[in-house]
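Residue numbers (our numbering), protein chains in the order written: chain B, 1288 to 1484; chain E, 1288 to 1484. Every residue gets a Cβ at the ideal spot worked out from N, C-alpha and C, and that includes glycine. This report concerns only the one structure given below.
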């Protein structure tokens, strides 16, 4: 009896193949031919699973999010408040080989969607759980007195998203050491830490 | 006697042609063929002026900067302090049809360079004069008492760059009204405004 290959599983393995090619050969090597070869299938077979190559890139960006979410779950386990928020940010900012490769993938993804008139859900792959955990962390930080009671939490959440995107672009355009990315994060938190006078 | 066409002028007219195609037809229509047609030349003629299409895209990003710089010069004329910094930011954040088209072009550009191992000057086209004016504005704002004396000016400059990139990505991935982008800007300035108690 032939094995029934799960359609979603196959889509994910194609998305993973794209990430492997990007990490190993650079994003400019990411073509439908290379991704299909990496996934062990004929190029034409891709189109049984995706309507076009932009969809493959979108699935790869979603796969980046899934992996980031998994790491965030592990990294924030047992933490709360600022430690939780900072641990979540550390899995998204381009601080390690892994997150730097992911930054290149998501920036490449944004570049591909930049021309499309309407991409209402193009941001979704990079948000999700990450924002929920950040929100929890900020609420806990205020409750614990790590951040001032008048901390504008919604503004901070919007800023955390903005600098994460922004520093991923900085990584692609003019790479900086991890300390620079962490310093940008600290510069939006520090005004809201309680005064130690 | 044949007219000597200035090489740099021709390069700029090709870069401008790319921006015209992007604004009119969307970034996915930006191909060497379409850009050459818009510039009124054969596709092959492009390669007398550029080593490859990535270079054309880079020149278009530089042209975006040149135009932004021109607008910043006009918009900040006669202003100082926070008014100068805010006027400069308003020419870079995706607030109008013009700056939103430019955001799509620069995000598309970043996507193209995302895969290249080394792009040391890829950020340059989007910085330049803009950062000088922001630095001046912050220094003047502190001197005039619009911002507190302990305002961390270097940190704020890094943040202004980060949120500009970040909100340009936000525009491409999940468009928001101008008020949202301005609110992100205000949220990094407000902690440093003098208390009005």
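Taking all protein chains shown into account, residue 1364/E has fewer than 16 neighbouring C-beta atoms within 10 Å of its C-beta and is therefore exposed. Shown here for residue 1471/E: same chain residues with a beta carbon closer than 7 angstroms to its own, the five before and five after excluded, namely 1450 and 1454 in chain order. For residue 1439/B, the chain E residues whose Cβ falls inside 7 angstroms of its Cβ are 1474, in order along the chain. Taking a beta-carbon distance threshold of 8 angstroms, residue 1460/E counts as an interface residue toward chain B. When 7 angstroms is used as the limit between beta carbons, residue 1418/E is near no residue of chain B, the shortest such separation being about 12 angstroms.
Among the residues of the region 1443-1454 of chain B, those with a Cβ less than 8 angstroms away from any Cβ of chain E are 1443, 1445, 1446, 1448, 1449, 1450, 1451, 1452, 1453 and 1454, in the order of the chain. Boundaries of the alpha helix (DSSP H) around residue 1465/B: 1465-1476. In the three-state scheme derived from DSSP, where H, G and I count as helix and E and B as strand, residue 1349/E is classed as helix.
Near chain B, meaning a CB-to-CB distance below 8 angstroms, no residue of the region 1347-1381 of chain E qualifies. The beta-carbon separation of residue 1356/B and residue 1421/B, rounded to 12 angstroms, does not stay under the 8 angstroms limit for a contact.
Put simply, of 1336/E, 1312/E and 1324/E the residue whose alpha carbon is nearest the alpha carbon of residue 1297/E is 1336/E.
The Cβ-Cβ distance between residue 1434/E and residue 1425/E falls below 8 angstroms. Per DSSP, residue 1334/B lies in no alpha helix (DSSP H) segment and is marked neither H nor E. Boundaries of the alpha helix (DSSP H) around residue 1460/B: 1440-1460. Per DSSP, reduced to three states, the secondary structure at residue 1400/E is helical.
Counting only residues of its own chain and dropping the five nearest sequence neighbours on each side, residue 1438/E has a CB closer than 6 angstroms to the CB of 1429 and 1479. For residue 1334/E, the closest Cβ of chain B is not nearer than 8 angstroms.
Per the coordinates, the alpha-carbon of residue 1390/B lies some 14 angstroms from the alpha-carbon of residue 1345/B. It is roughly 6 angstroms from the alpha-carbon of residue 1310/E to the alpha-carbon of residue 1388/E. Residue 1435/E is outside the set of residues whose beta carbon lies under 8 angstroms from a beta carbon in chain B.
At a cut-off of 8 angstroms between beta carbons, residue 1478/B contacts chain E. In the pairwise beta carbon analysis, the region 1454-1469 of chain B is classified as touching the region 1372-1384 of chain B: at least three pairs are separated by under 8 angstroms. Per DSSP, residue 1338/B lies in no alpha helix (DSSP H) segment and is marked neither H nor E.
Distance from the CA of residue 1332/E to the CA of residue 1340/E, rounded to the nearest whole angstrom, comes to 12 angstroms. Residue environment analysis places residue 1468/E among the buried positions, since at least 16 neighbouring C-beta atoms fall within 10 angstroms of its C-beta. Taking residue 1300/E as the centre and dropping the five residues before and after it, the same chain places the C-beta of 1326 closer than 7 angstroms to its C-beta, in chain order.
In this structure, DSSP gives residue 1303/B a helical state, which the three-state scheme calls helix. Interface criterion met: the Cβ of residue 1399/B is under 8 angstroms from a Cβ in chain E. In the structure shown, residue 1316/E falls within a helical segment according to DSSP collapsed to helix, strand and coil. Using a Cβ-Cβ cut-off of 7 angstroms, residue 1466/E is close to nothing in chain B; its nearest Cβ partner there is about 12 angstroms away. By the criterion of a C-beta distance shorter than 8 angstroms, residue 1343/E is surrounded in its chain by 1301, 1302, 1305, 1319, 1322, 1333 and 1337, once the five residues flanking it on both sides are discounted. Put simply, the CB of residue 1308/B is far from chain E, with every gap to its CB atoms at 8 angstroms or more.
Under the DSSP assignment, residue 1424/B falls in the alpha helix (DSSP H) whose first and last residues are 1416-1430. DSSP places residue 1369/B within a helical segment (H, G or I) once states are collapsed to three. Residue-level contact by beta carbon fails for residue 1322/E and chain B, as no gap is shorter than 8 angstroms.
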